[in-house]
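>
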Amino acid sequence: MAQIIKKSNHLHSQIRKLYLEWLFYGILAAACLALLEITQMFSFLGIQLIFLKILDSLNNYRILKTGLGGEKKVFELINRLPRGYKILTDVKLVSGNKSSQIDFVIIGRNGIFIMEAKNMRGIIRGKESDKMLKKTKIGKSKDKYVSEIYNPILQILGHKKGIDSFLASRGHSYRAIPILYFSGEGRLEVESEKVKIIDQPVLVIDYIKRHDQDHISDFVQNKIIEDLMETID
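Numbering-wise, the sequence shown is residues 8 to 240 according to this note's numbering.
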């Protein structure tokens, strides 16, 4: 099994924030009910607004829980990498007013891999250079839903630029290898020459193990991890 250097997830903190929001809304609703007899109209409007906010936060909660479940499965997958690989999760690099938050950084003798995991449904189409891609999803009633999402290829290339710049600033000549993994039922029908796109779990392990363009000594691996741990949030 791979070695876990840092295991955390920003989704957990976002869910904790939602719990605090619900507590706040509960206290606010209780106050509105207590004042209902005195200021009926304003209290009634306040309760309606609180109800709408709670519905919105419940929707966010469902989205976060889905994402959390997807990332947990991906973590269990890459944790099956052979001994010698080191894994850092939810890595945030800050440079000036810019930041990069990377789902997984995997460091081994054969390279530095960054991986973004997407747990979504539908077919995603467009071009590698498009800022926004079209996502088409078929609902339970067979209705077609079309929406736009930010191009995940551009997202991970932005992360690659951030970590490459960081590595260069610390005197490391190695560059990150970007992997975009779709762990759910979603399918990305976009070809990319710059990012490895994978939708089968077994291919993630295979791709990482087969990469042989780099050779990073244990000393340098540990130095890179040490440098990352000094700056990540």
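All C-beta atoms in this analysis are idealised placements derived from N, C-alpha and C, irrespective of residue type, glycine included.
1) Under the DSSP definition of a beta bridge, which residues are partnered with P185?
2) Please report the distance separating the alpha-carbon of K168 from that of M127.
3) Looking at the strands, I want to know which residues DSSP matches up with R87.
4) For G115, which beta-bridge partners are listed by DSSP?
5) Who are the Cβ neighbours of M8 in its own chain at under 7 Å, not counting the five residues just before and after it?
6) Is the closest heavy atom of the ligand NAD to the C-beta of N158 under 6 Å?
7) Whose C-alpha, out of L84, I170, D150, is nearest the C-alpha of T238?
8) Would you grab the beta carbon distance between K99 and G193 for me? Rounded to a whole angstrom, and I think it's under 8 Å.
9) R194 by DSSP, collapsed to three states: which one?
10) From which residue to which residue does the alpha helix (DSSP H) around R217 run?
11) Could you check how far apart the C-beta atoms of L112 and L187 are, in whole angstroms? I think they sit under 8 Å.
12) Is V202 helix, strand or coil by DSSP?
13) Just list the residues that DSSP pairs T238 with in beta bridges.
14) Taking the Cβ atom as the reference point for each residue, do I109 and I121 lie within a distance shorter than 7 Å?
15) Would you mind stating whether I204 and L195 have Cβ atoms separated by less than 7 Å?
16) In terms of alpha-carbon separation, which member of E200, K93, F226, D150 lies closest to L164?
17) Among residues of its own chain, excluding the 5 on either side of K151, which ones have a beta-carbon nearer than 8 Å to its beta-carbon?
18) How should V197 be labelled, buried or exposed, when 16 other C-beta atoms within 10 angstroms of its C-beta is the threshold for buried?
With the structure as the only source:
1) Numbered from its first residue, the sequence shown carries residue 185 at position 178. Per DSSP, I121.
2) Within the sequence shown, residue 168 is the residue found at index 161, counting from 1. Within the sequence shown, residue 127 is the residue found at index 120, counting from 1. Between K168 and M127, the C-alpha separation is close to 25 Å.
3) What you label residue 87 is simply residue 80 of the sequence shown in a count that begins at 1. Beta bridge pairing from DSSP links R87 with no other residue.
4) Your numbering for residue 115 matches position 108 in the sequence shown. Answer is G118, bridged to G115.
5) The count along the sequence shown starts at 1 and reaches residue 8 at position 1. Contacts found: N86, R87, R90.
6) By its list of ligands, the structure shown contains no ligand whatsoever, and the ligand NAD lies outside what it can speak to.
7) Numbered from its first residue, the sequence shown carries residue 238 at position 231. Distances from the alpha-carbon of T238 to those of L84, I170, D150 put I170 closest.
8) Taking the first residue of the sequence shown as position 1, residue 99 is located at position 92. Taking the first residue of the sequence shown as position 1, residue 193 is located at position 186. With 8 Å as the limit, K99 and G193 do not qualify as a contact, their Cβ atoms being about 25 Å apart.
9) Along the sequence shown, read from residue 1 onward, the residue named residue 194 stands at position 187. Note: R194 maps to strand in three-state DSSP.
10) Against the sequence shown, residue 217 aligns to sequence position 210. Looking at the DSSP string, the run of the alpha helix (DSSP H) that includes R217 is 208-217.
11) The count along the sequence shown starts at 1 and reaches residue 112 at position 105. The count along the sequence shown starts at 1 and reaches residue 187 at position 180. Reading the sequence as shown, one finds Val at residue 112 and not Leu. Going by Cβ atoms, the distance from V112 to L187 rounds to 14 Å, so no, they are not a contact pair.
12) Within the sequence shown, the letter at position 195 stands for residue 202. Coil.
13) To locate residue 238, count along the sequence shown from 1; it is residue 231. Per DSSP, none; premise fails for T238.
14) In the sequence shown, counting from the first residue as 1, residue 109 sits at position 102. In the sequence shown, counting from the first residue as 1, residue 121 sits at position 114. A contact, by the Cβ cut-off of 7 Å.
15) Taking the first residue of the sequence shown as position 1, residue 204 is located at position 197. Taking the first residue of the sequence shown as position 1, residue 195 is located at position 188. Yes, these two residues count as a Cβ contact at 7 Å.
16) In the sequence shown, residue 164 corresponds to position 157, counting from 1. Its Cα nearest to that of L164, the residue E200 stands out among E200, K93, F226, D150.
17) One-based indexing of the sequence shown puts residue 151 at position 144. For K151, where only same-chain residues beyond five positions count, the Cβ hits under 8 Å are T143, K144, I145.
18) Mapped onto the sequence shown, residue 197 falls at position 190. So V197 ends up on the buried side.
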